[in-house]
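Quick note, the sequence shown lines up with residues 28 to 306 if you use the numbering used here.
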Amino acid sequence: MFIHQEAYALQVLDRFKMSEAKPVSVPADVHVCLKPAEDTEKRLAVPFREAVGSLMFLAVMTRPDLAYAVNNVSKYLANLDESHWQAVKRIFKYLKGTTRFGITYRAGGSESQLIGFADADYAGDIETRRSTTGYAFCFANGIITWCSKRQPLVTLSTTEAEYVAAALAIQECVWLRRLLTELECESVRSTPLYVDNQSAIKLVQNPEYHQRTKHINIKFHFIREKAKEGTVKVIYMPSEQQRADLFTKVLPKCHFKSLCEIIGIGEPFESTQAVRMLE
Numbered sequence: 028m029f030i031h032q033e034a035y036a037l038q039v040l041d042r043f044k045m046s047e048a049k050p051v052s053v054p055a056d057v058h059v060c061l062k063p064a065e066d067t068e069k070r071l072a073v074p075f076r077e078a079v080g081s082l083m084f085l086a087v088m089t090r091p092d093l094a095y096a097v098n099n100v101s102k103y104l105a106n107l108d109e110s111h112w113q114a115v116k117r118i119f120k121y122l123k124g125t126t127r128f129g130i131t132y133r134a135g136g137s138e139s140q141l142i143g144f145a146d147a148d149y150a151g152d153i154e155t156r157r158s159t160t161g162y163a164f165c166f167a168n169g170i171i172t173w174c175s176k177r178q179p180l181v182t183l184s185t186t187e188a189e190y191v192a193a194a195l196a197i198q199e200c201v202w203l204r205r206l207l208t209e210l211e212c213e214s215v216r217s218t219p220l221y222v223d224n225q226s227a228i229k230l231v232q233n234p235e236y237h238q239r240t241k242h243i244n245i246k247f248h249f250i251r252e253k254a255k256e257g258t259v260k261v262i263y264m265p266s267e268q269q270r271a272d273l274f275t276k277v278l279p280k281c282h283f284k285s286l287c288e289i290i291g292i293g294e295p296f297e298s299t300q301a302v303r304m305l306e
């Protein structure tokens with residue numbers, strides 16, 4: 028099965044006069060670091076909010092490959108300059124070359140159960156020094172839910188940032204397991220959640236006193252309870268294989284495309300049945 032929003036993507040490109048734009052291979056430039064506008068009195072006469080909103084609809088529905096780039100520009104809705112508008116236009120240029128992209132799901136295989144991935148980009152927000160959480164859950168060999176957002180607090184280490192990201196992912200996991208149980212799709216097995224930080228895994232598995240992490244908000248220790256009762260099993264995965272990396276930072280072209288392919292993002296295969304999302 029293949030889900031997509033090609034017609035909507037074409038409408039958005041036409042609306043913002045980007046139908047003739049030259050396509051680019053990735054939605055964000057690894058060499059560009061967005062910052063708040065220095066001159067807050069100067070206003071750009073561009074439809075920035077409308078453009079970001081239109082792209083956001085794609086990013087949350089069928090285009091997880093847009094999620095990080097759109098989330099990043101959305102932080103500057105009230106404090107933008109030309110660099111932010113150029114970043115939005117780059118997303119449009121990427122969209123121009125990928126209007127047929129969607130998500131493919133295939134029955135069978137090793138990913139016939141729910142599988143999760145969680146990651147964090149430590150202190151990646153240069154203004155607030157908050158980390159970015161990224162997580163994804165796959166089922167039927169394709170991604171079914173994903174998230175890219177700034178964490179609600181400043182963390183003091185990479186381990187803490189990864190631990191918070193895993194805790195937020197497990198909240199989503201609990202809901203997904205209930206939904207799949209109602210649909211009679213999920214087994215009683217623990218849901219594997221892959222993270223790329225060994226110290227964060229030890230923090231989950233060892234609930235004893237930790238001198239450097241005793242300050243962590245108690246709500247994030249929810250993860251320990253779910254691991255103990257068998258709802259999830261937190262497993263180590265090397266960083267270069269981490270699917271959730273797609274939602275935490277700007278990636279080089281080769282790595283970006285590789286992760287998209289692994290989680291089912293791309294053009295439809297000839298053997299798949301196309302299903303258009305409601306637009």
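Even for Gly, the Cβ is constructed at its ideal location relative to N, Cα and C.
Just so we're clear, the structure is a prediction, and the values are computed from it rather than from any experiment.
Starting from residue i, trace the beta strand (DSSP E) in both directions and tell me its first and last residue.
| i | result |
| --- | --- |
| K260 | V259 to Y263 |
| I130 | G129 to T131 |
| D148 | I142 to D148 |
Taking the alpha-carbon positions, what's the residue i to residue j distance?
| i | j | result |
| --- | --- | --- |
| T185 | C174 | 19 angstroms |
| M88 | N244 | 31 angstroms |
| L195 | F247 | 8 angstroms |
| R216 | L141 | 10 angstroms |
| T131 | V191 | 30 angstroms |
| A48 | S101 | 22 angstroms |
| H111 | L82 | 14 angstroms |
| K280 | E65 | 30 angstroms |
| T126 | R90 | 10 angstroms |
| K69 | G169 | 44 angstroms |
| I118 | E109 | 15 angstroms |
| T240 | L61 | 31 angstroms |
| T182 | N99 | 19 angstroms |
| I262 | A86 | 28 angstroms |
| G291 | G129 | 8 angstroms |
| P54 | L93 | 7 angstroms |
| Q268 | L286 | 8 angstroms |
| R251 | C200 | 14 angstroms |
Please list the terminal residues of the continuous alpha helix (DSSP H) segment that includes residue i.
| i | result |
| --- | --- |
| D41 | E33 to R42 |
| I250 | F249 to K255 |
| I24 | Only positions 28 to 306 of the chain appear in this structure, which leaves residue 24 out of reach. |
| I118 | E109 to K123 |
Does DSSP put residue i in a helix, a strand or coil?
| i | result |
| --- | --- |
| G80 | helix |
| A48 | coil |
| F274 | helix |
| D92 | helix |
| I245 | helix |
| F29 | strand |
| A163 | strand |
So, at 6 angstroms on beta carbons, what are the nonlocal neighbours of residue i in its own chain, with the 5 sequence-adjacent residues on each side left out?
| i | result |
| --- | --- |
| A301 | At A301, the pLDDT of 43 sits below 50, so the modelled position is not reliable and the matter cannot be decided from this model. |
| K276 | D148 |
| Q232 | none |
| V39 | S81 |
Please work out which residues of its chain come closer than 8 angstroms, Cβ to Cβ, to residue i, disregarding the five sequence neighbours upstream and downstream, and give them in chain order.
| i | result |
| --- | --- |
| K120 | M45, A48, K49, P50 and V51 |
| L104 | F75, R76 and V79 |
Beta-carbon within less than 7 angstroms of residue i's beta-carbon, same chain only, minus the 5 sequence neighbours each way: which residues are those?
| i | result |
| --- | --- |
| I145 | Inspection of the sequence shows that residue 145 is occupied by Ala rather than by Ile. Excluding sequence neighbours, A145 sits near Y162, A192, A193, A196, L220, V222 and A271. |
| A227 | T186, E189, Y190 and A193 |
| P63 | Y103, N106 and E154 |
| G257 | S217 |
Problem set entry | beta strand (DSSP E) runs wholly inside the region 166-228, at least 3 long, in chain order | 169-177 and 218-222
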